[in-house]
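Trainee: This note's numbering numbers the first residue of the sequence shown as 9 and each following residue consecutively.
The beta-carbon is built from N, C-alpha and C at its ideal position, and this holds for glycine as well.
Quick one: structure below, then a few questions.
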Amino acid sequence: EKLERRMVEIRPPVRIGKYVRIYPGVSLSECNIDDDCEVLENATVVRSSVGSGSLIGPFCQLTDTLTGTMVELQSTRQHPIALSRYVAIGDEVIIREGVSLHESITIHPRLKIPTGVRIPAKTDIESAEQLLGYL
Numbered sequence: 009e010k011l012e013r014r015m016v017e018i019r020p021p022v023r024i025g026k027y028v029r030i031y032p033g034v035s036l037s038e039c040n041i042d043d044d045c046e047v048l049e050n051a052t053v054v055r056s057s058v059g060s061g062s063l064i065g066p067f068c069q070l071t072d073t074l075t076g077t078m079v080e081l082q083s084t085r086q087h088p089i090a091l092s093r094y095v096a097i098g099d100e101v102i103i104r105e106g107v108s109l110h111e112s113i114t115i116h117p118r119l120k121i122p123t124g125v126r127i128p129a130k131t132d133i134e135s136a137e138q139l140l141g142y143l
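Take a look at the structure:
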């Protein structure tokens with residue numbers, strides 16, 4: 009129904025799992041959205057894979073990104089999240105509003121990435137202690 013009313017944009021190939029909620033203004037292109045995900049309004053997912061049970065916040069921009077299961081991207085209109093150029097996010101990671109991660113960054117499972125963090129390209133974040141060095 010949202011496709012027919014032009015409320016969302018989907019450019020194949022796209023795989024959308026079961027029980028996925030896609031809100032108005034979403035743009036999907038060359039991506040995979042696993043089961044039980046929510047992609048909130050005006051989010052964009054390009055050449056990326058979103059793990060099951062994940063929440064992609066409003067105005068979030070994912071390009072060339074891989075997320076694990078139960079990831080929460082707490083993007084907002086005022087402070088969107090942008091992940092691009094080969095970012096990998098582990099299972100159950102929470103990323104707070106306004107975070108931008110680019111160029112070969114890996115975040116290991118169950119970490120919380122706070123607003124204002126600046127992680128340089130080609131960095132592998134394995135622990136909360138390591139993350140503190142980038143605040």
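#1: Short check: CB of V95 to CB of T123, under 8 Å?
#2: May I ask which residues mark the beginning and end of the alpha helix (DSSP H) holding A136?
#3: Please go through the same chain and pick out, in chain order, the residues whose beta-carbon is closer than 6 Å to the beta-carbon of G65, but skip the five residues on each side of it.
#4: Since I18 is in the beta strand (DSSP E), which residue starts that stretch and which ends it?
#5: Do I102 and G76 have their C-beta atoms within less than 8 Å of each other?
#6: Following the continuous beta strand (DSSP E) through L48, name the residue where it begins and the one where it ends.
#7: From this set, P117, P128, R118, which residue's C-alpha is nearest V107's C-alpha?
#8: For L36, count the other beta carbons within 10 Å of its own beta carbon; 16 or more makes it buried, fewer makes it exposed. Which is it?
#9: Excluding the 5 residues flanking A90 on each side, which residues of the same chain have their C-beta closer than 7 Å to its C-beta?
Mentor: Quick answer:
#1: no
#2: 136–140
#3: L48, L81, Q82, S83
#4: 17–24
#5: no
#6: It is not in any beta strand (DSSP E) - L48 carries neither H nor E in the DSSP assignment.
#7: P128
#8: buried
#9: Q69, S108
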